[in-house]
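Peer 1:
Protein chains: 2
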Amino acid sequence: MRTNKYLTIYDEIVEKIQSGQLKPNTKLPSENELVEQYDTSRETIRKALTMLSQNGYIQKIRGKGSFVLDVSKFDFPISGLVSFKELAQKMGKPWKTIVYEFALMKPDDYLQQHLNVTNKDNVWKVLRAREMDGERIILDKAFFNKKYVPILTREICEGSIYEYLEHDMELKISFAKKEIFVDEPTEEDQKYLDLKDYNHIVVVKNYVYLEDASLFEYTESRHRLDKFRFVDFARRGH
Amino acid sequence: MRTNKYLTIYDEIVEKIQSGQLKPNTKLPSENELVEQYDTSRETIRKALTMLSQNGYIQKIRGKGSFVLDVSKFDFPISGLVSFKELAQKMGKPWKTIVYEFALMKPDDYLQQHLNVTNKDNVWKVLRAREMDGERIILDKAFFNKKYVPILTREICEGSIYEYLEHDMELKISFAKKEIFVDEPTEEDQKYLDLKDYNHIVVVKNYVYLEDASLFEYTESRHRLDKFRFVDFARRGH
DNA sequence: AAGTGGTCTAGACCACCGG
DNA sequence: CGGTGGTCTAGACCACTTG
């Protein structure tokens, strides 16, 4: 349970939309009605509704009301990469993570630039392959600034690193920048992935920042062409 | 000049950041100082700052202040596809648009589903190739619901359709959903693109909605692998 | 005219950061 | 401790939609 009023309201409405309790194209209660339901002020209700709108759950139309958008057409997460774990679980397929490399290292020039560190810093390097249905289809090269991630183990890397960082370490992730393009496979790709005959690979570079805007992770995910998919929701007119 | 106070403030600060008048990692005036500068209330200032934060221009840190993020590292647009026109102009290369097909048609089953129309509606079909440096690298298949776009001409399609729709027709675009994946080239791709030996193609499906949440456009952009690029900025913790 | 969402205000209290 | 941003309130006026 969150302590924030507007986040609590946001969560409740998201839950109602995702569970089908609020159906697509139906009208939400008006802002004034919600003010009474939740016993709060209108600005607080509006904060929750604005967030729902920006995340693609509802559409607000002046003079008419707020309407539930059809999120089912697009698989969740409504924005961003369909993560390996979610994809595998949704398809009900067997999957696992294989750790090929786990080390504390000095960053080379390339990494110094991408992780914004110097050769005095230490960096965790984690090389993992994601296997689904018996095929290794994603190669994850992750680098963490040791300054922000003092402790990391091979065992953690075999599970969910993010669960560890966010829940156990209580790192607060604030924002991320992604870049997606297509590249030719490297020897590393050939070695650690079941590439079949595909002679290209989709690369996702991911820069992750903490609440104080410090860059703590740089990840390069290399996806086999046929298993790659990305969805995006974006509002205009800011 | 916008009439909204908070949008005016937002625009002014964006302009200062983009022009370098406000430099990365420097502190903005505090909210209370901005209240005095702009002679407004704190909530209005906060609305502008929240928008700046969500669009990746600044980072707000409690107890410390709001700081300018380094937006130059990532090419604009900070979120979304680097459009053909922008890409070509940035690289200073010659480019043009070739219209291969322009017609008003009855939607088939596939289109009825994707554009959410019936066989009683009419749909504009526009098939265009984007050429840069003498190579046709993007094939754009666009479909517009005639209900929202009553008039369209071949001449408009040779220029910028969006400029026409937003400025001349005054259509208000509200949000868009994108899906990105890799596919095998169709005969159409072979015919209208200079595909070289690439045996895959990056497909971007784009669903565009108006302010009343009505779907008015469906576009399928087919990019040659080596010329594709996508950047994304996303905040977490909603 | 009544109801809806959009903007704006003036003020309050809180949590966090720094000296 | 004073200054910062985060949350919340109660009220006002506006623009738009619908009957």
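From first to last, the protein sequence lines stand for chains R and W.
Using the UniProt record's numbering, read the first sequence as starting at 1 and increasing by one per residue.
Using the UniProt record's numbering, read the second sequence as starting at 1 and increasing by one per residue.
C-beta: ideal position from N, C-alpha, C; glycine also.
Note down the Cα distance separating R:Phe175 from R:Val208, rounded to an integer number of angstroms.
Peer 2: Numbered from its first residue, the first sequence carries residue 175 of chain R at position 175. Numbered from its first residue, the first sequence carries residue 208 of chain R at position 208. About 6 Å.
Peer 1: Under three-state DSSP, which class holds W:Leu215?
Peer 2: Taking the first residue of the second sequence as position 1, residue 215 of chain W is located at position 215. Note: W:Leu215 maps to strand in three-state DSSP.
Peer 1: If you check the beta carbons only, do W:Phe143 and W:Tyr192 fall under 7 Å apart?
Peer 2: Within the second sequence, numbered from 1, the residue matching residue 143 of chain W stands at position 143. Within the second sequence, numbered from 1, the residue matching residue 192 of chain W stands at position 192. Contact: no.
Peer 1: If you scan the segment 111-173 of chain W from start to end, which runs of the beta strand (DSSP E) of 3 or more residues do you find wholly inside it?
Peer 2: 123-132, 135-145, all fully within the segment 111-173 of chain W.
Peer 1: If we count the other Cβ atoms within 10 Å of its Cβ and call it buried at 16 or more, is W:Ser30 buried or exposed?
Peer 2: Looking up residue 30 of chain W in the second sequence gives position 30. With fewer than 16 other Cβ atoms within 10 Å, it is exposed.
Peer 1: Taking the straight line between their C-alpha atoms, what separation do you get for W:Ile156 and W:Pro107?
Peer 2: For the purposes of this step, residue 156 of chain W is identified with residue 156 of the second sequence, where counting begins at 1. For the purposes of this step, residue 107 of chain W is identified with residue 107 of the second sequence, where counting begins at 1. Each residue's Cα considered, the two are about 22 Å apart.
Peer 1: Would you verify that the beta carbon of W:Ile173 is, or is not, closer than 7 Å to some beta carbon of chain R?
Peer 2: Translated into positions along the second sequence, residue 173 of chain W becomes position 173. By this cut-off, W:Ile173 is an interface position.
Peer 1: Looking at C-alpha atoms only, which residue of R:Ile161, R:Asp232, R:Gln18 is the closest neighbour of R:Thr97?
Peer 2: As a working note, residue 97 of chain R is residue 97 in the first sequence. That would be R:Ile161, whose Cα lies nearest to the Cα of R:Thr97.
Peer 1: Compare the C-alpha of R:Asn116 against each of R:Asn4, R:Tyr6, R:Ser214 and name the closest.
Peer 2: The sequence position of residue 116 of chain R within the first sequence is 116, counting from 1. That would be R:Ser214, whose Cα lies nearest to the Cα of R:Asn116.
Peer 1: Since R:Pro24 and R:Leu69 are thought to touch, with beta carbons under 8 Å apart, how far apart are those beta carbons, to the nearest angstrom?
Peer 2: For the purposes of this step, residue 24 of chain R is taken as residue 24 along the first sequence, with counting starting at 1. For the purposes of this step, residue 69 of chain R is taken as residue 69 along the first sequence, with counting starting at 1. Confirmed, about 6 Å.
Peer 1: Is there at least one Cβ from chain W nearer than 7 Å to R:Asp133's Cβ?
Peer 2: Taking the first sequence and counting its residues from 1, one reaches residue 133 of chain R at position 133. Not closer than 7 Å to any Cβ of chain W, the Cβ of R:Asp133 fails to qualify, so no.
Peer 1: If the cut-off is 7 Å on Cβ atoms, which residues from the segment 173-191 of chain R count as contacting chain W, listed in chain order?
Peer 2: Those would be Ile173, Ser174, Phe175, Ala176, Lys177, Lys178, Glu179, Ile180, Phe181, Val182, in chain order.
Peer 1: Count the other CB atoms, across all protein chains shown, that sit within 10 Å of the CB of W:His167; report buried if there are 16 or more and exposed otherwise.
Peer 2: Counted from its first residue, the second sequence places residue 167 of chain W at position 167. Counting Cβ neighbours within 10 Å, W:His167 comes out exposed, since fewer than 16 surround it.
Peer 1: Rounded to the nearest angstrom, how far is the Cβ of R:Ile138 from that of R:His223, given a contact under 8 Å?
Peer 2: In the first sequence, residue 138 of chain R corresponds to position 138, counting from 1. In the first sequence, residue 223 of chain R corresponds to position 223, counting from 1. Indeed they touch by this definition, with Cβ atoms about 5 Å apart.
Peer 1: Taking any Cβ of chain R, which residues in the segment 114-143 of chain W have a Cβ under 7 Å from it, in chain order?
Peer 2: Hits within the stretch: zero.
Peer 1: Can you check DSSP and say which residues form a bridge with R:Tyr209?
Peer 2: As a first step, residue 209 of chain R is located in the first sequence; it is residue number 209 there, counting from the start. DSSP lists R:Phe175, R:Leu215 as partners of R:Tyr209.
Peer 1: Check the C-beta distance from W:Ile13 over to W:Ala48 and give it rounded, since I have them as a contact under 8 Å.
Peer 2: The residue given as residue 13 of chain W occupies position 13 in the second sequence. The residue given as residue 48 of chain W occupies position 48 in the second sequence. The Cβ separation is near 7 Å, so the contact holds.
Peer 1: Check whether the Cβ atoms of W:Asn145 and W:Lys178 sit closer than 7 Å, and answer yes or no.
Peer 2: As a first step, residue 145 of chain W is located in the second sequence; it is residue number 145 there, counting from the start. As a first step, residue 178 of chain W is located in the second sequence; it is residue number 178 there, counting from the start. No, these two residues do not count as a Cβ contact at 7 Å.
Peer 1: In the DSSP assignment, what are the bridge partners of residue 256 of chain R?
Peer 2: Because chain R spans 1 through 238 in this model, residue 256 of chain R falls outside it and cannot be assessed.
Peer 1: Could you tell me whether any Cβ in chain R is nearer than 7 Å to the Cβ of W:Leu225?
Peer 2: Translated into positions along the second sequence, residue 225 of chain W becomes position 225. Yes, W:Leu225 counts as interfacial toward chain R.
Peer 1: Spatial neighbours of R:Asp189 within its chain, please: C-beta separation below 8 Å, excluding the five flanking residues on both sides.
Peer 2: Reading the first sequence from its first residue, position 189 is the one you call residue 189 of chain R. Excluding positions up to five away in sequence, the list reads Leu139, Leu195, Ile201, Arg222.
Peer 1: Taking R:Thr44 and R:Lys5 to be in contact with their CB atoms under 8 Å, please state how far apart those CB atoms are, rounded to whole angstroms.
Peer 2: Counting from 1 along the first sequence, the entry for residue 44 of chain R is found at position 44. Counting from 1 along the first sequence, the entry for residue 5 of chain R is found at position 5. Their Cβ separation, rounded to whole angstroms, is 5 Å, which keeps R:Thr44 and R:Lys5 in contact under 8 Å.
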